[in-house]
Each structure stands twice: as structure tokens, then as C-alpha cells.
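This report concerns only the one structure given below.
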Amino acid sequence: MNQKIDVVSLFDGISCGRVALDRAGITVNSYSAFEIDKYAKAVSRYNYPDIQQCGNVFDADFRRFAGYNIVIGGSPCTFWSCARSANREVDKSGIGWKLFMRFVEAVRVISPCYFLYENVASMPQNIKRYISEELGVKPILINSALLSAQSRKRLYWTNIRGVTQPDDKRILLQDILETGVTARNKSYCIDACYYKSGNHTRPLSQAGKRQMVYEPVRVGSYGTGGQGNRIYSIQGKSVSLMANDGGRGGKVGLYKVDLPDGDYIIRKLTPVETERCQTLPDNYTAFGIDDSGKTVNISNTQRYKCIGNGWTVDVITHILSFADI
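Here the numbering used here is used: the sequence shown runs in plain steps of one and ends on residue 416.
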């Protein structure tokens with residue numbers, strides 16, 4: 092089929108879903124987005140001025156979208172992720188479940204041809220089971236490492252039939268680094284705890300299929316050596332990007348980058364490099380259009396947050412390629 096489709100996107104963020112639709116060659120007639128973060132909306136407006144910004148998902152009346160072709164969304168994973176240090180939600184009583192149920196209501200009221208819901212793979216098993224019961228399908232586990240320079244395990248619930256695991260493009264972090272970024276930070280010094288291995292592949296089990304997929308390779312640490320103090324090799328993958336950068340690279344990661352003269356630097360990924368990890372176009376998040384219609388620069392802090400909250404575009408493109416639209 093080759094038709095113009097109408098899309099409803101919940102928890103839309105920076106409209107990675109729209110980028111994926113375009114990349115899949117699917118023509119969009121209308122795209123209605125529910126999002127509350129002002130920076131994410133600004134980025135979305137700048138890249139796609141035709142998107143209808145519909146506000147808070149809790150205020151939505153989905154009846155006006157009845158018959159739209161596809162509903163997509165990935166509600167905030169922070170409530171269910173194993174990275175949540177306290178008050179992780181494990182049942183249907185929390186805000187995480189309430190947000191998810193807005194997606195369920197959208198699917199039931201709109202009755203689209205297709206739906207696609209995404210969330211973190213580390214969620215509690217009972218939450219995974221509850222989601223599957225509500226949507227009537229089992230999730231597909233796909234690691235973004237197959238299509239990008241980032242290790243990012245996510246679950247995808249969809250009624251699109253026949254979705255298979257994507258072929259591994261074997262992209263390493265060193266393949267997507269910006270050239271000429273050599274700012275040195277001497278405060279990040281690799282300590283005596285040095286992890287060195289010539290083998291950067293480790294087996295992962297995905298959708299019942301045994302695969303060899305490149306993972307982040309830790310080569311050292313500094314300070315306390317905690318999660319935010321770990322240093323990784325660019326000969327592996329980026330760690331999974333998270334929404335909030337800790338100011339020292341804890342949420343983006345620190346990486347040992349070798350220089351031509353035999354020296355090295357320890358640095359965070361740049362915003363463009365994190366965009367590449369999510370297979371977004373370069374500088375996709377650099378500018379926005381605010382509520383007044385003014386073009387604005389987006390700070391690096393907000394760029395990291397928006398990118399970490401987004402989807403890996405090429406994974407969504409892969410899934411959409413199986414839809415008959």
C-alpha cells in the first residue's frame with residue numbers, strides 16, 4: 092500500500108517517531124503529538140512545523156482521532172527502570188501505570204490499524220506481563236546495539252506482524268565520533284583499576300536468538316569508581332543514554348579517546364555524538380521554536396535530556412518497515 096497516514100504520538104518527545112516514519116518512506120498526512128516538555132516541543136516544532144502539538148496526555152479526548160492509522164508512544168521509563176534507586180514501581184498503583192493506561196485508552200478509542208508501544212527492558216516482570224495483557228501482544232526485545240553505536244535494550248509491543256531482529260550493522264562508538272574534538276580534561280584520570288581485553292564481543296540473548304553483539308567495554312574508572320565514574324572504550328558501544336546528564340558525564344558516559352600522537356583524552360560524548368547514538372540527524376536538537384514562535388538555541392544540558400528521552404530512530408524504522416502502509 093502507499094497511502095498518506097494519520098498518526099497519534101503519545102509522550103512524543105522530540106518526534107523521533109516522525110523521523111522514523113520519514114526514514115521508512117511512509118507518507119504522513121497528519122501527526123498529532125502529546126508532549127509537555129517545552130524543550131522537546133521546541134525541537135519538534137523546529138524540525139517539523141506541521142506537527143500538531145496537543146499538550147498533556149491526561150487532558151486528551153482521543154475520540155477526535157477515531158480511525159487514525161497508527162498510535163505510537165513510549166511512556167517515561169523512569170518509574171520502572173532498574174536504574175531507579177528508590178520507589179521503583181512494581182504494580183499498577185503508580186504514575187507509570189497511569190501513564191501507560193493513557194496509551195491503552197488511545198488504542199481502544201482510536202482503533203488504529205497499528206500500534207507501537209516502547210519501554211525499558213529492565214522493568215519488573217509483572218509490569219511486563221500486565222502490559223502484554225492490556226495490549227494483547229507479547230513484547231519484542233531489540234537492542235539498539237544492532238543498528239547503532241549504543242547498547243540500549245528496549246521492549247516493543249506492536250500488532251505489526253512479522254517483525255524480526257534487525258541485521259547487526261556492527262557500528263562501534265569510534266565510528267560515530269566527531270573529528271577534531273580534543274578538549275582535554277585532566278580531572279578524569281584512569282586509576283589502577285584497568286580493565287583490558289582484546290575481545291569486545293559478548294553474547295546476548297534476544298527474542299530467543301543467540302547473537303554476538305558488541306557491548307560497552309569498561310576500561311577504567313576515576314574517583315569512587317561508581318556508575319558515574321566509569322570510563323569506557325570507544326572500541327565498544329556507548330552505554331545506554333539517559334535523560335539527565337549529571338554534569339560529569341555520568342548519564343552520557345565517559346570515554347577514552349586515543350589521539351594520533353599516542354596520547355589520549357577522557358571526555359563525554361558531544362551532543363552530536365549522542366544524536367548519532369540514537370541515529371538522529373546531526374544537530375537535530377540544536378535549535379527549537381518556542382511557544383511564541385521564536386527560534387532559540389537549545390542548551391547542551393537540554394539536548395542531552397531530549398536525546399536520552401528519545402527513541403533509537405533506526406529501530407523504529409525497522410519495525411515500521413513491516414507495516415502494510
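Heads up, the beta-carbon is just placed ideally off N, CA and C, and yes, glycines get one too.
Measuring CA to CA, which of the options is closest to residue i?
i, options, result
"I161", "A197, S135, Q144, V228", "A197"
"S106", "K229, R252, G116, N138", "N138"
"G401", "G164, D150, V99, K95", "G164"
"V406", "W188, D258, C145", "D258"
"N388", "T403, S121, G158, R136", "R136"
"V272", "P215, L350, A157", "L350"
"S383", "F125, A124, L112, A133", "A133"
"A236", "G311, L332, Q216, K189", "L332"
"G399", "Y323, L226, G379, L360", "L360"
"N147", "R220, E126, K229, R394", "E126"
"G185", "I201, A157, K342, P167", "P167"
"T169", "G187, D152, F153, K183", "G187"
"E306", "G317, S100, G327", "G327"
"L190", "C145, P140, A115, L101", "L101"
"K342", "D352, V348, G314, T365", "T365"
"P140", "S123, G116, R309, R114", "S123"
Bridge partners of residue i, per DSSP?
i, result
"Q318", "DSSP lists no partner for Q318."
"G164", "L101, Y208"
"T249", "L207"
"K244", "N234"
"Y355", "D349"
"R309", "Y323"
"V119", "I96"
"F125", "L101"
Between residue i and the rest of its own chain, which residues show a CB-CB distance below 8 angstroms, the 5 nearest in sequence each way excluded?
i, result
"I251", "Y205, L207, I410, L411, F413, A414"
"Y130", "G379, I389, Q393, K396, C397"
"R179", "F170, W171, S172, C173, P215"
Assuming residue i contacts residue j (C-beta within less than 8 angstroms), just tell me the rounded distance between them.
i, j, result
"Q173", "S213", "First, the amino acid is wrong: residue 173 is Cys here, not Gln. The pair is a contact, with the Cβ atoms about 4 angstroms apart (cut-off 8 angstroms)."
"I357", "L268", "At roughly 14 angstroms, the Cβ-Cβ gap does not stay under 8 angstroms, so I357 and L268 are not in contact."
"Y355", "L264", "With a Cβ gap of about 14 angstroms, Y355 and L264 do not count as contacting."
"T255", "V228", "That belief does not hold up - the Cβ atoms of T255 and V228 are roughly 15 angstroms apart, past 8 angstroms."
"C368", "A240", "5 angstroms"
"S329", "G317", "Actually they do not touch by this definition, with Cβ atoms about 18 angstroms apart."
"V200", "R154", "6 angstroms"
"Y193", "T408", "In the sequence under discussion, the amino acid at residue 193 is Arg, which differs from the Tyr named in the question. With 8 angstroms as the limit, R193 and T408 do not qualify as a contact, their Cβ atoms being about 25 angstroms apart."
Can you name, in chain order, every residue of its own chain whose Cβ lies under 7 angstroms from the Cβ of residue i, other than the five neighbours on each side?
i, result
"P203", "Y159, N160, I161, V162"
"A334", "K396, G399, N400"
"V363", "E269, D373, N374"
"G337", "In this prediction, G337 scores a pLDDT of 38, lower than 50, which makes its location untrustworthy; no coordinate-derived value is stated."
"P230", "K219, S223, L246, Y247, W248"
"T370", "L238, S239, T403, V404, D405"
"K452", "Nothing in the structure corresponds to residue 452, since the chain is present only between 92 and 416."
Can you find the residues in the same chain that come closer than 6 angstroms, C-beta to C-beta, to residue i, ignoring five residues on each side of it along the sequence?
i, result
"K260", "L238"
"I218", "W171"
"V181", "P215"
"E225", "V195"
"T118", "K95"
"E209", "G165, R245, Y247"
"D97", "N120, S121, Y159, N160"
"R109", "Y122, Y139"
"Q143", "S123"
"R381", "Reading the sequence as shown, one finds Asp at residue 381 and not Arg. Here the set comprises A133, V387."
"N391", "P362"
Taking DSSP as the reference, what is the three-state secondary structure of residue i?
i, result
"D419", "Residue 419 is absent from the model: the chain starts at 92 and stops at 416."
"D382", "coil"
"W188", "helix"
"N388", "strand"
"V304", "strand"
"I96", "strand"
"N400", "coil"
"A111", "helix"
"G146", "coil"
"S412", "coil"
"S172", "coil"
"S331", "coil"
"T365", "helix"
"V343", "coil"
"S223", "helix"
"L295", "Its pLDDT being 42, under 50, L295 is placed unreliably in this model, and the value from its coordinates should be taken loosely. L295: strand per DSSP, three-state reduction."
"S135", "helix"
"Y395", "helix"
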